[in-house]
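Written below as structure tokens is the structure these notes are about.
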């Protein structure tokens, strides 16, 4: 007999959630990784703002900044940042059909259409920004 | 020539035991059960209870995946034991544990009272300002109106989604996937007029806003209810409703 | 029961997620990688400066910065709750996260607007 046993009011077992619960399943780890992309978003935005300010200072400052950015370690780091942001973009756009369910009259807009619409918007935005920034 | 697969004679089940009258901490008991290709985990558990250890406690009822009683963890995954073949978990040993997120009363039986309270909180019934008298006939619904909420009506309250949801485990006040999906089942029903009432309960910090879209609930749902989708859609409608009420304050009723 | 004010923050989070998802990949590819490595040539500096100094661009950038920062604040707040199990510090973390986002927005707005 368990000395801690309470007659008629047995103790229920409540499992403690381990601090690294998110390492126990692949889908949880992917979820946490997805959430942490927000940190990389802040970094990327900060660098974009810095480049805007640098551009304002004139061509020599801009060229110097480009030169600093071209350092192999910096490029490697930014390629990593690009992959992380792509992970954010793709997971975000893929979840759009889950949240956006519209009915046109009697018919529901198919989730595939919502998905393609979002990817189309991504493509369009990228083309516009690239066109604005690059040699023409 | 088809290759002959070696079918094992037996398979080992490692079953979570918790007997408060003899132990303060849970243990695992190992059982060797005969292997049959057509057996589900539930059949193995019934064999254990019939022939090996009659003290094993667990829930089951319909044995065909519609009552939602037999939810448990098999090798860490929340499943319906009546709907999961032993064969899919070979070679074993297969670890059987009670659903996570619920306190364990005994062996594989968890206390689901929290879910039952949350379920009634969301008022999962048709709410109407005025009931139509019987003489006026039935409420009519087009197939399209039925399709609006049918998916969410498939929920069998098996709570696999609660077991899969890390937020529910970390924040027990979180109302949880199935409750929200069932609220949506009624919100989207054309006969229902209770969306306002439910929104008061759901648009709270431990209502829908606790959800971080992990998405595991939809992954494990045996009936394809897609609670994660229901929750995201509800976030959108709750947000639109919030801003509408900011710009056009409603008179309190 | 009074309804939570979360929708306001959720809209910012959602907007930030969408804005960062749509615009950051191309910005990173072009500005951080392709231009420094010389894979492509930028438009003439004068054109770029005109573009950046345009009030609409500045306004757009400020909104973009605000959305992205609040996206981070909201997401990181919940990651701290779930990942490090700090949800008992709910109010403290919320104030800290959104506070930082607000400070960042104000600083960014001041700097970006000053470009004109």
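Protein chains in written order, with this note's numbering: chain W, 1 to 136; chain F, 137 to 389; chain B, 390 to 505.
The C-beta atom is built at its ideal place from N, Cα and C for all residues, glycine as well.
- Excluding residues up to 5 positions away in sequence, 214, 352, 353, 356 lie with their Cβ nearer than 6 Å to the Cβ of residue 300 of chain F in the same chain.
- The beta carbon of residue 484 of chain B sits no closer than 7 Å to any beta carbon of chain F.
- Counting the other Cβ atoms within 10 Å of the Cβ of residue 233 of chain F gives 16 or more, which makes it buried.
- When DSSP reads this structure, residue 104 of chain W sits in a beta bridge with W/107.
- If one requires a minimum length of 4 residues, the alpha helix (DSSP H) runs lying completely within the segment 285–354 of chain F are 296–300, 302–306, 313–323, 331–338, in chain order.
- Listed in chain order, the alpha helix (DSSP H) elements of length 4 or more contained wholly in the segment 21–107 of chain W are 26–57, 59–69, 72–99.
- Boundaries for residue 165 of chain F: no alpha helix (DSSP H) harbours it, while the beta strand (DSSP E) harbouring it runs 163–170, taken from the DSSP string.
- The beta carbons of residue 297 of chain F and residue 204 of chain F sit no closer together than 7 Å.
- Counting only the Cα atoms, residue 456 of chain B lies some 21 Å from residue 418 of chain B.
- Residue ranges of uninterrupted beta strand (DSSP E) with 3 or more members, entirely inside the segment 147–217 of chain F and ordered along the chain, are 163–170, 207–210, 213–216.
- Note that the C-beta distance between residue 256 of chain F and residue 392 of chain B is not below 7 Å.
- Residue 475 of chain B has its alpha-carbon roughly 39 Å from the corresponding atom of residue 71 of chain W.
- Around the beta-carbon of residue 381 of chain F, fewer than 16 other beta-carbon atoms lie within 10 Å, marking it exposed.
- Listed in chain order, the positions of the segment 8–33 of chain W with a beta carbon within less than 8 Å of a beta carbon of chain F are 10, 11, 12, 13, 14, 15, 17, 21, 22, 24, 25, 27, 28, 31.
- Straight across, the Cα-Cα distance linking residue 308 of chain F with residue 119 of chain W is about 37 Å.
- In the structure shown, residue 418 of chain B falls within a helical segment according to DSSP collapsed to helix, strand and coil.
- Taking 9 Å as the cut-off between beta carbons, the residues of the segment 463–483 of chain B near chain W are 463, 464, 465, 467, 468, 471, 472, 473, 474, in sequence order.
- Contiguous alpha helix (DSSP H) elements confined to the segment 476–502 of chain B occur at 479–502, taking only those with 4 or more residues.
- Pairing residue 144 of chain F with residue 171 of chain F gives a Cβ-Cβ distance under 7 Å.
- Residue 241 of chain F: member of the beta strand (DSSP E) spanning 240–242, first to last residue.
- The alpha-carbon separation between residue 250 of chain F and residue 107 of chain W amounts to approximately 38 Å.
- For the pair residue 13 of chain W and residue 229 of chain F, the CB atoms are not nearer than the 7 Å cut-off.
- Using a 10 angstroms sphere on the CB of residue 478 of chain B, the tally of other CB atoms stays under 16, which defines it as exposed.
- The residue from W/40, W/23, W/32, W/6 with its alpha-carbon nearest to that of residue 86 of chain W is W/40.
- Contact note: residue 66 of chain W reaches chain B through 424, 425, using a C-beta cutoff of 8 Å and chain order.
- Excluding its 5 nearest sequence neighbours in each direction, residue 281 of chain F has C-beta neighbours in its own chain below 7 Å: 326, listed in chain order.
- At a cut-off of 7 Å between beta carbons, residue 117 of chain W makes no contact with chain F.
- The beta carbon of residue 400 of chain B falls within 7 Å of a beta carbon belonging to chain F, placing the residue at that interface.
- Residues of chain B with a Cβ closer than 8 Å to the Cβ of residue 93 of chain W are, in chain order, 410.
- Take residue 331 of chain F, set aside five residues on each side of it, and the residues of its chain with a beta-carbon closer than 7 Å to its own are 323, in chain order.
- Distances from the CA of residue 223 of chain F to each of F/147, F/365, F/345 were compared; the closest alpha carbon is that of F/147.
- Against chain F, the CB of residue 99 of chain W has a partner CB under 7 Å away; the residue lies at that interface.
- If you compare the alpha carbons of F/371, F/305, F/367 with that of residue 237 of chain F, the shortest gap goes to F/305.
- In the DSSP assignment, residue 367 of chain F falls outside any beta strand (DSSP E) and lies within the alpha helix (DSSP H) extending over 363–383.
- Rounded to the nearest whole angstrom, the CA to CA distance from residue 179 of chain F to residue 173 of chain F is 11 Å.
- A residue is called buried when at least 16 other Cβ atoms come within 10 angstroms of its Cβ; residue 28 of chain W meets this threshold and is buried.
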